[in-house]
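Chains as they are written, first to last, in our numbering: chain U, 48 to 400; chain G, 48 to 400; chain W, 48 to 400; chain L, 48 to 400.
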């Protein structure tokens, strides 16, 4: 079989770098071109020198007439608002699209607006007609729809952690839907590669903080997915925090356990729910999981605990924000869209320490 | 006025080092002797070379016949179980005691047992007769009792963060008492100076994890203090996490806001509650506070937020675990016990960056 | 005695913050005004929240007509090129000046040019007539001249580390002058507070690199000072490195030991040279010194070693780049200029861990 | 072709973990058993949870009768003194051995003693008869001998960095042999996984220091290899430093450039010397290399610079101490010993950021 030809738009950012890392040893895909508005003409290995000899393709301007366009799939590793403008021209040529931003995570204009109101410089959606055919790219919930779509909205990094952490509990009605609190801690890489006073090394190495308290945009896709599973509207409280490490999201999820439930039933429900999901690992309370356990890999580790004093289910859900939370999920979605083994190119454990 | 003569037991640990740092420039106190079972004979500045020239006293064995004992106050910077055995002999000589551990945080043997069951190697309390006269050393709640006692149980570091974060809300009945969740993130220094696989640099620099989920011993003193303020029993859900930084506890506290409350009333209640407390700073939702804002200082920063979508009060409470969470509170208590200005020796902002 | 009134220009940067930290508890100085071109109108404690309650003065524009000017000394915590333009107007009013940049580190225009050619956007010196009266602000070498000048060029952070590490060896002719190599490692705070791709947390937390190899501008003031001590021209090889920590410069200095020298004589020479210098601590080879030993304090720790296999003197010289390498030296110089105890306000050990 | 069966002794340490990471996706090798004295019975994925699902083999005691022994090669990831005692029994069965320690890096007992005198608890070599047939496992210098030996002494991590950095300059007589100084900075993982006060997170996160000044044991293998290339004895000055990061060695090498040499000739010599070495990348002075460029990969990056003011060649040599400095070199050596492509299993770039 010929290798799938992949184009990456926004290739110069961490999301592009992550896709390159996942694709260079992928047996059935190859990177055909790297597109970006910045650093055009430079080999990507000048920006990311660890790629030297592995991927030395130059970054090409989006309007460069020499830029190849014979892709079978394009990754948009771009901020909100870019994919919705440009994806249609690629889709029209029969090229599949995986978009990292929130542009195609919602299937109607109203829920998109709830999301868009939370982000900076929001605007009217440029391609509302595409929303109905886009699929939310969380393979564990939407594998089948992903396999037959040409347009995937890759999930937000916090959302992956929260939705995978909560889905079995919500689907199986183990918890009170009114009581859900997600306390998320993220490494700094989630903010991307653009320097910023809050992520300047001296300002960050010994500091942690909450931010966007009760106002983070990822809450909408979490509530939408949970609502579908529950068959009713769900509202959650979600607080993100930044802590001084690079990779990893640890979300501690609290919810009231329903009458008659206990840790044994909860574990059983989770193991059953994820029994066919290679990238989800379920653990009981015996050993707390650390973010480093998923660093650099496409896994989501979920550990389950019950505080019997208060009847609270406490779920710790871990992903690497740049892999399962971004580029890894994108490649996983690509694999599904092209009928490959879902795990192709992704079966590596990361490095330790 | 002559300077207060201070003895520090367990002086070789981080808690002893912290007390020395707070005391070397204290205008009305002086360190008379440093006592420890390890590293005896070595100047403390060999263990902590930054103290060279500031405090070069040797560590002396507890049973060293040459060890001075003409103290006016002794700090027990020792693990659970030490102070309860040795403090009586000092108290009998008329010497005041501040104990860092849980030994004297509880006023009766039953609540102590609830706590002790959670810690390793627990045992029967060695001096139960002293529990009735010990005072819980959180100055903001017990200033008056501290001023007239000779025995203070210094609060746990997480407890300082949670109790200061919650006291006004509980006292003024702003929140539902059944819904309180404390999600705490601590730096590594809280675990002390003894090396441990979990705090080995390569294992920790890029990892975060929850631990003792629903089982941390500090929950008892938090519930006791909140219960007194509420006039009824309160149970909370408390989950500690370790993140890769050195100093700081950030606790994110969630509780259902009562009917009729709003952010304005909450802010007003907090400012009023703490209006005479120099070391508590109250902030509204406008600017999230970072742990570095209290690093190296005796302050507790509290920021208040309401998630209007879910009616949740979200409080972020910050302390430096080694200062307000330990040695700073100890010196603050000493100041109060001796009728000094409460802030003496403690009015410094820490360093940045 | 009335307190010395201090104005700080460029107060919003790390150098300004450092000066504020050293001055807020200084018994004989007070900050009168904070001047900056950025963030004007904001209290400095909004930029540096740990200062809340300690220094809440607003940043004022340099041309703000309401800005006080009744200073006795002005600190220029500004980049190269600023002080040389503006200092004259303050000096003319009889106000003393301490400039952090290279503007007044050289006493004639030719050596200044050697320096200026190495920095970005260099230019002709705006006040060449002042060079002759400026004094290089390294108190250990120039205490007397500093006491009688009104214009001090505060030394570069690397230069402090190298010059203090080498002065006795050069002065006492312990080493071959042709063989000196300075391998310097600095924390990230030396680069200031402006975000930069190289100091973005994810890019820096797990990376170290050399930079400006054979081209750093501080080499000129090091060579000038050493040349004066040697009575002949000296050229050194100097390589700076950035490593992922915040505060600290560790310079490892290599030079061929002269015939007849040994570690004992070297130690004796160093102890003798620095016998009246409170802020220099000399150590033999028995215990390597770590950068954290001087973190947050105005000390320079020097450890001396001889590699007998190759006859090489190996000196490890440590400073906190933001204190002895910048704001601490500035306050030390101010104390000397005003006839105060040199250590006033500076006798604190920093914090650990 | 059947896969090579690999046994790993000392599998529970970082060196064992590194070998597992390199081997789990190796197309022509498979791990047959993991042997260790500690944690026996536990799956290695309990110690290193990122390996879950990739390698869940248990650690088996060396004397466990159920332990497989049908290996074709055994890696000794053990401290000095272990391999020399146990390797003979494996070699006698016709099994090849790669030993990570210094036990087989020297070919005669006298040079071994020079090394052994520098390490703790040194002893007489237990298998001196094997020294004559062991090969120093730095493939770039000894590829041919490695291909025909059954016993490889894997090089020390610092030695890899220094020898690769210096070999062309020494071989081609570009530098004065008397003037070589190696200033090495290492991440903390080089010290292994055993907790230690110096590597406790709070003690290390913000500290750097030199250690074993003029006394590190790796100097002997460096001098031996350089001596062979030079055809004469060479003595170097070598100073190791620990800095607060996990992976990476950056060695800055200084030497006097010989008359008639310049940067162009140096670059040419280096490129020529390494033209057939896939894992060595040579760079000129245009862009300083950072340790993160080789993190997690088997590459050595060398950048070349000349300080024309002093005639000094300044070489910056970078490796990941756990890969090219340890397990990666071991796998590279295994590949060569079995006639495989040298790069098999090792062609991955690491991860960034």
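Positions of the beta carbon are idealized from the N, C-alpha and C atoms, including for glycine.
query, result
"Minimum C-alpha distance to residue 222(G) - residue among 355(G), 299(G), 368(G), 306(G)", "306(G)"
"Bridge-paired residues (DSSP) for residue 360(W)", "302(W), 353(W)"
"CB contact flag (residue 249(L), residue 235(G), <7 Å)", "yes"
"Environment of residue 319(W) [buried if 16+ CB atoms lie within 10 Å]", "exposed"
"Proximal residues, the region 50–84 of chain U versus chain L, C-beta separation under 8 Å", "61, 64, 68, 71, 72"
"Residue 229(W), enclosing beta strand (DSSP E) - first and last residue", "228–233"
"Contained alpha helix (DSSP H) runs [length at least 4] in the region 287–340 of chain G, N- to C-terminal order", "310–320"
"Nearest neighbour of residue 364(L), chosen from 394(L), 396(L), 332(L), 298(L) [CA to CA]", "298(L)"
"Cβ contact check for the region 66–82 of chain W and the region 382–390 of chain G: 3 or more pairs under 8 Å", "no"
"Cross-chain neighbours of residue 235(G) in chain L, by beta carbon under 7 Å", "248, 249"
"Reduced DSSP secondary structure (H/G/I, E/B, other) of residue 167(W)", "coil"
"Cα-Cα separation, residue 209(W) to residue 303(W)", "16 Å"
"As assigned by DSSP and simplified to three states, the class of residue 190(W)", "helix"
"Proximity test, Cβ basis, 7 Å: residue 293(L) and chain G", "yes"
"Within the region 173–218 of chain U, ranges of the beta strand (DSSP E) (whole runs, at least 3 residues)", "198–200"
"7 Å Cβ shell around residue 131(W) - same chain, five flanking residues per side excluded", "150, 172, 173, 174"
"CB contact below 7 Å: residue 159(U) versus chain C", "Among the protein chains of the structure shown, namely U, G, W and L, there is no chain C."
"7 Å Cβ cutoff met for residue 199(G) and residue 145(G)", "yes"
"Contact check, residue 184(G) vs residue 202(G), beta carbons under 7 Å", "yes"
"Residue 64(L), DSSP secondary structure in three states", "helix"
"Beta-bridge partners of residue 106(L), as assigned by DSSP", "81(L)"
"Rounded Cβ spacing between residue 288(U) and residue 165(U) (contact assumed at less than 8 Å)", "No, residue 288(U) and residue 165(U) are not in contact; Cβ-Cβ is about 17 Å, not under 8 Å."
"Proximal residues, the region 355–368 of chain W versus chain L, C-beta separation under 8 Å", "355, 356, 357, 359, 361, 363"
"Segment limits, beta strand (DSSP E) that includes residue 54(G)", "51–56"
"Cα-Cα separation, residue 214(W) to residue 220(W)", "10 Å"
"First through last residue of the beta strand (DSSP E) which encompasses residue 280(W)", "No beta strand (DSSP E) contains residue 280(W), which DSSP labels as neither H nor E."
"Nearest to residue 314(W) (by Cα), restricted to the options 361(W), 281(W), 340(W)", "361(W)"
"Buried versus exposed call for residue 375(U) [16 or more other C-beta atoms within 10 Å across all chains shown]", "buried"
"Cβ-based neighbour list, residue 52(L), same chain, cut-off 7 Å, excluding 5 preceding and 5 following", "77, 79, 117, 118, 119"
"N- and C-terminal bounds of the beta strand (DSSP E) containing residue 145(U)", "143–146"
"Own chain, CB closer than 8 Å to residue 400(L), minus 5 neighbours either side, in chain order", "339"
"With 16 other Cβ atoms within 10 Å as the buried cut-off, status of residue 371(G)", "buried"
"Proximal residues, the region 287–311 of chain G versus chain U, C-beta separation under 8 Å", "288, 290, 291, 292, 293, 294, 295, 297, 299, 301"
"Closest by C-alpha distance to residue 341(L), when choosing among 354(L), 355(L), 326(L), 351(L)", "326(L)"
"Reduced DSSP category for residue 378(L) - H, G, I as helix; E, B as strand; rest coil", "helix"
"Pair within 7 Å by beta-carbon distance, residue 229(L) and residue 373(L)", "no"
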